[in-house]
Amino acid sequence: MIIICHKRNVIKKVFDFDNQKTIELEEVVVSKGILKLAERFSDRLLLWCHEDVIELLNVFEIKSLFHHNKMMMSYNPIFNYLSDAIGYVDESIFINVNKEVTYPTWQMSGLVGGINAEILLALKDDIMIYEDFEYFLNSLAKNSMPQGVICYSESKLLTNKNVKYTEKASSFVLFKFVKQHYKTRWIFLLLLNILIYERRFLLLPFLNSLFYNKIKFNGGAKLNEINIKSSKKVIKKRELDVIIPTIGRKAYLYDVLKDFSKQTILPRKIVIVEQNPELGSVSELDYITNEIWPFTIDHVFIHQIGVCNARNLALKRTESEWVFLADDDNRFDLDLIEKIFNKIELYGVEALITSYLQKGEIKLSQYPIQSSIFGAGNSFVKREFLETIEFNKGMEFGYGEDADFGMQIRNQGVDVVYFPEIEIEHLKAPIGGFRIKPVLGWNNDKIKPKPSPTVLLFRLLYHTREQILGYKTVLFLKFYKVQNIKNPLAYFLNFKKQWKISEKWAEKLKENEI
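For the sequence shown, this note's numbering gives the first residue as 17, with consecutive numbering after it.
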C-alpha cells in the first residue's frame with residue numbers, strides 16, 4: 017500500500033505503508049506522480065490522502081475495502097467536486113450519492129481514495145493527464161466505470177467523517193467536463209437549464225467548452241485482462257431460493273421449472289405466487305403436485321393481482337442465504353446457478369443481474385460493470401439485504417417498481433453488478449386467460465399526467481432537484497413532436513398542467529394515499 021500525501025495538487029510525501037519507509041519521487045504533480053508510482057509499483061494499491069486528513073486515514077481497514085484489484089474508490093463526506101448542476105445532464109443513479117454507505121459512483125474526491133496500479137497501467141494509453149487532481153480523478157472514473165472498473169464512494173476510508181474539504185469545480189470546469197464526457201448536445205441543455213431554473217446565463221463557460229473535444233476511451237479490453245479474485249467471503253453455502261410471480265402463463269412456467277430441475281446446482285426452494293382475479297377460481301398449475309420435482313415448491317394462490325404484492329409475499333417465504341428474483345417466462349442453461357455463484361465468489365458481490373435479452377436484442381456492454389438498473393426477473397441478491405425492504409406498492413401497475421427496489425438495495429451499501437456473459441432469455445410472453453385492466457387514480461383526469469406518476473415518484477425519491485428538472489426539460493422537448501398541440505405557447509401551458517398533475521399523484525403515491 018503506497019500512500020500519497022498531497023495538498024493543492026502537489027505531492028507532499030509518498031510513504032510505503034507495507035515496508036514503513038518514505039519513497040523518493042521527483043514528480044510533484046499528483047496526477048503525474050500517481051502514474052509514475054504505478055509503473056514502479058505495478059502490483060500495489062495506490063492511495064491518495066489530503067495532508068489535512070492524513071491522521072484520519074483508516075489504514076487497517078483499507079485492504080479489506082479493496083477486496084479485488086479492479087476497484088477505485090474515494091470519499092468526501094459533504095461535497096462532490098462537480099456542482100449539483102451536473103444533474104441537469106446526467107440522470108443516472110450515480111449522481112445522488114448516499115454518503116453514509118458504500119455507494120456506486122464515478123464522482124471521485126481528492127480528499128482520500130485509492131486505485132490499484134494495474135488499472136492505471138492498463139489504461140495508460142487512454143488516460144488524459146490534468147494538473148487539477150480532482151478533475152483527473154473524476155475524468156478517469158467517468159471513463160473507466162463503463163469499461164469495468166468498480167467505483168465507489170466509501171465512508172470507511174476515514175476513521176472520522178467530521179472533516180471539511182470544499183474543493184469545487186468552477187462553472188468553466190463544469191462545462192468543460194460535460195463537453196469532454198457527454199455528447200455535445202448536453203452543453204446546450206446545461207446552458208438552457210441553468211438559465212431557466214437558476215436565472216444565470218453562463219455564456220462564457222459555454223463558449224469556452226466548445227474548444228474541447230470528447231475524450232475517446234477504449235480501455236475495456238485491457239481492463240478485462242486484469243485477473244480478479246476477491247478476498248471478500250460472501251457465500252457460506254451455495255444455496256438459493258427462487259421467487260416467481262405468475263399470472264396466466266401455465267405452459268411458460270412449466271418450462272421454467274423444467275430448466276430449474278436440470279440445474280447443476282439445484283435451487284433449495286421455489287416460491288410461486290399465482291394470481292387469478294376471478295373469485296371462485298382455482299389454480300391451473302396442476303403439474304406442481306402431479307409431478308415430482310427435485311426441490312421444494314411453495315405454491316401460493318391468491319385473487320389479488322399485482323406483481324409488487326406477489327413478490328413481497330414470495331420474499332417473506334424465502335429462507336436460503338441467496339434469492340433469485342425470477343420471472344415466469346425465462347429460459348436459461350443448466351449451469352446458470354453454478355455460474356452465478358462463481359461470479360459472486362470472484363467479485364465478492366452481494367447483488368447482481370444477468371444479461372436479460374429478448375430474441376434479436378444486442379448487449380449494450382461486453383464487460384462486467386456496475387449497473388444503473390435493476391431487473392426483478394434476472395437478479396440475485398443476498399437474502400439478508402431483502403429482509404427490511406419490499407417492492408413499493410405505490411408503483412403497482414405502473415413503471416419503476418424494480419428500479420425502486422434496486423435503489424433500496426443500493427442504499428444499504430450493496431452494489432448491483434451486471435454480468436453480460438451470464439444469459440437469461442426473456443420470452444416476454446403474453447398473459448393468458450383473462451384481461452383485467454387496473455383502474456388507476458388518474459385514469460379519469462381530464463388532463464392526463466405527464467410523465468406517469470410512478471415514473472416521477474421514482475425520480476422524486478432518488479434523484480436530485482437538478483436531475484428532476486433536467487428530465488423535465490428533455491421530456492418537454494421530446495414530447496412536443498409526438499403530441500397534437502402544435503402551438504408552442506399552448507403546448508407549454510398544457511405541459512405545465514400535466515407535470516403539476518403528475519406531481520400531485522406522485523406525492524399521493526409517496527404518502528400511500530392511493
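Here a beta-carbon is modelled for each residue, glycine too, at the ideal position from N, C-alpha and C.
Going by the beta-carbon positions, is the gap between Phe317 and Glu335 smaller than 8 Å?
-> Indexing the sequence shown from 1 puts residue 317 at position 301. Indexing the sequence shown from 1 puts residue 335 at position 319. In this structure, Glu335 does not lie closer than 8 Å to Phe317 by Cβ.
Could you give the DSSP three-state label for Trp515: helix, strand or coil?
-> Locating residue 515 in the sequence shown gives position 499, where the first residue counts as 1. In this structure, Trp515 counts as helix in the three-state DSSP scheme.
For the putative contact between Asp271 and Phe348, defined by C-beta atoms under 8 Å, what is the C-beta separation to the nearest angstrom?
-> Translated into the one-based positions of the sequence shown, residue 271 becomes position 255. Translated into the one-based positions of the sequence shown, residue 348 becomes position 332. Not confirmed; about 10 Å, so no contact.
Look at Gly130 and Leu63 and say whether their C-beta atoms are less than 8 Å apart.
-> The sequence position of residue 130 within the sequence shown is 114, counting from 1. The sequence position of residue 63 within the sequence shown is 47, counting from 1. In this structure, Leu63 lies closer than 8 Å to Gly130 by Cβ.
Among residues of its own chain, excluding the 5 on either side of Thr182, which ones have a beta-carbon nearer than 7 Å to its beta-carbon?
-> Taking the first residue of the sequence shown as position 1, residue 182 is located at position 166. For Thr182, where only same-chain residues beyond five positions count, the Cβ hits under 7 Å are Phe95.
Tell whether a beta-carbon distance below 8 Å holds between Lys232 and Leu350.
-> On the sequence shown, residue 232 is found 216 positions in, with the first residue counted as 1. On the sequence shown, residue 350 is found 334 positions in, with the first residue counted as 1. For Lys232 and Leu350, no; Cβs fall outside 8 Å.
Please look up how many angstroms separate the CB atoms of Gln483 and Asn176, rounded, as I've assumed it's under 8 Å.
-> The residue labelled residue 483 in the question sits at position 467 within the sequence shown. The residue labelled residue 176 in the question sits at position 160 within the sequence shown. The pair is not a contact, with the Cβ atoms about 30 Å apart (cut-off 8 Å).
Could you check which residue in Val490, Tyr507 and Thr370 has the C-alpha nearest to that of Glu439?
-> Counting from one through the sequence shown, the residue named residue 439 turns up at place 423. The residue with the shortest Cα to Cα distance from Glu439 is Thr370.
Which residues in the same chain have their Cβ closer than 8 Å to the Cβ of Asp59, if we skip the five residues on either side of it in sequence?
-> As a first step, residue 59 is located in the sequence shown; it is residue number 43 there, counting from the start. The answer, listed in chain order, is Ala133 and Glu134.
Count the other C-beta atoms from every protein chain shown that fall within 10 angstroms of the C-beta of Lys359, then say buried if there are 16 or more, exposed otherwise.
-> Numbered from 1 along the sequence shown, position 343 holds the residue referred to as residue 359. It is buried - the Cβ of Lys359 has at least 16 other Cβ atoms within 10 Å.
For the segment 152–200, which segments carrying the beta strand (DSSP E) assignment without a break, of at least 3 residues, lie completely within its bounds, in sequence order?
-> 166–169
Is it buried or exposed for His319, if we count other Cβ within 10 angstroms and need 16 for buried?
-> Within the sequence shown, residue 319 is the residue found at index 303, counting from 1. It is exposed - the Cβ of His319 has fewer than 16 other Cβ atoms within 10 Å.
For the beta strand (DSSP E) that Met88 lies in, which residues bound it at each end?
-> For this step, residue 88 is matched to residue 72 along the sequence shown. Looking at the DSSP string, the run of the beta strand (DSSP E) that includes Met88 is Met87 to Tyr91.
With DSSP as the reference, please indicate the residues paired to Asn132 in a beta bridge.
-> Residue numbering aside, residue 132 sits at position 116 when the sequence shown is read from its first letter. Paired residue(s): Leu61.
What are the start and end residues of the alpha helix (DSSP H) that includes Ser108?
-> By one-based count along the sequence shown, residue 108 stands at place 92. Unbroken run through Ser108: none, as it is neither H nor E.
Would you grab the beta carbon distance between Met124 and Asn159 for me? Rounded to a whole angstrom, and I think it's under 8 Å.
-> For the purposes of this step, residue 124 is taken as the residue at position 108 of the sequence shown. For the purposes of this step, residue 159 is taken as the residue at position 143 of the sequence shown. That belief does not hold up - the Cβ atoms of Met124 and Asn159 are roughly 12 Å apart, past 8 Å.
Alpha helix (DSSP H) runs contained entirely in the segment 235–298, provided each spans 4 or more residues | 236–239 and 266–277
Does DSSP put Ile102 in a helix, in a strand, or in coil?
-> For the purposes of this step, residue 102 is taken as the residue at position 86 of the sequence shown. Note: Ile102 maps to helix in three-state DSSP.
Do Leu341 and Ser297 have their C-beta atoms closer together than 8 Å?
-> For the purposes of this step, residue 341 is identified with residue 325 of the sequence shown, where counting begins at 1. For the purposes of this step, residue 297 is identified with residue 281 of the sequence shown, where counting begins at 1. Cβ atoms of Leu341 and Ser297: not closer than 8 Å.
Close-in-space but distant-in-sequence residues of the same chain around Ile70 (CB under 7 Å, 5 per side omitted) | To locate residue 70, count along the sequence shown from 1; it is residue 54. Answer for Ile70: Cys21, listed in chain order.
For Gln386, write down the residues that DSSP places opposite it in a beta bridge.
-> Taking the first residue of the sequence shown as position 1, residue 386 is located at position 370. Paired residue(s): Val433.
For Arg24, count neighbouring Cβ atoms within 10 angstroms of its own Cβ and tell me buried if that reaches 16, exposed if not.
-> Position 8 of the sequence shown holds residue 24. By the neighbour-count rule (16 or more Cβ atoms within 10 Å), Arg24 is not buried but exposed.
Reduced DSSP secondary structure (H/G/I, E/B, other) of Val365 = Looking up residue 365 in the sequence shown gives position 349. Note: Val365 maps to coil in three-state DSSP.
In chain order, what residues of the same chain have a beta carbon less than 6 Å from the beta carbon of Leu72, not counting five sequence neighbours either side?
-> Within the sequence shown, the letter at position 56 stands for residue 72. The residues are Leu174, Thr175 and Asn176.
Can you check whether the CB of Pro293 is closer than 8 Å to the CB of Leu256?
-> For the purposes of this step, residue 256 is taken as residue 240 along the sequence shown, with counting starting at 1. For the purposes of this step, residue 293 is taken as residue 277 along the sequence shown, with counting starting at 1. In this structure, Pro293 does not lie closer than 8 Å to Leu256 by Cβ.
Can you check whether the CB of Asn74 is closer than 8 Å to the CB of Lys195?
-> For the purposes of this step, residue 195 is taken as residue 179 along the sequence shown, with counting starting at 1. For the purposes of this step, residue 74 is taken as residue 58 along the sequence shown, with counting starting at 1. No, these two residues do not count as a Cβ contact at 8 Å.
Contact between the segment 216–236 and the segment 258–267 (3+ Cβ pairs under 8 Å) | no
Put Trp521 into one of helix, strand or coil per three-state DSSP.
-> Here residue 521 corresponds to residue number 505 of the sequence shown, with the count starting at 1. In the structure shown, Trp521 sits in a helix (DSSP, three-state: H, G or I).
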